[in-house]
Every structure is written in C-alpha cells, then in structure tokens.
Amino acid sequence: FWRGDRARSHRDGVGGGLGLAIVRQLVEAHGGQIAVESVVGEGTRFVVELGRA
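So this note's numbering is basically just the index in the sequence shown, starting at one, shifted up by 968.
Here's what the structure looks like:
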C-alpha cells in the first residue's frame, strides 16, 4: 500500500491514501499481516491477522 498522488484520488479531493499505509505499519509493528482481496463490481475485503499475545 502507498499514498497515492492527487491524480489517483477521488474527484472531490477527499482521501489522501494514508489510511491503509498507517494500518499496515501498525499491523506489521505488532507482528501481523494485512491482505486485500478485490473483485470489480462486488467489493473489497481487507483481512488483518494478528498473533496472540
């Protein structure tokens, strides 16, 4: 995941693309993983896996 440039953002300018990058850093800092599955016309699913403490 990366922060997208303005050309890739929504038409109304909302969203800087930082959300997933921040989540990834937090998840990895705790030894976890994040994955994304996307199907056009159906939706997107984000899976976060964290180990037990």
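Quick reminder that beta carbons are idealized off the backbone N, C-alpha and C, glycines included.
- A straight-line Cα-Cα distance of about 15 Å links Val-1008 and Phe-1014.
- Gly-999 places its beta carbon 8 Å or farther from that of Gly-985.
- For Arg-1013, the uninterrupted beta strand (DSSP E) segment begins and ends at 1011-1017.
- The straight-line gap separating the alpha-carbon atoms of Glu-1017 and Glu-1010 is approximately 23 Å.
- The residues Val-1015, in chain order, have a CB closer than 6 Å to that of Ala-1003 in the same chain once the five nearest residues on each side in sequence are set aside.
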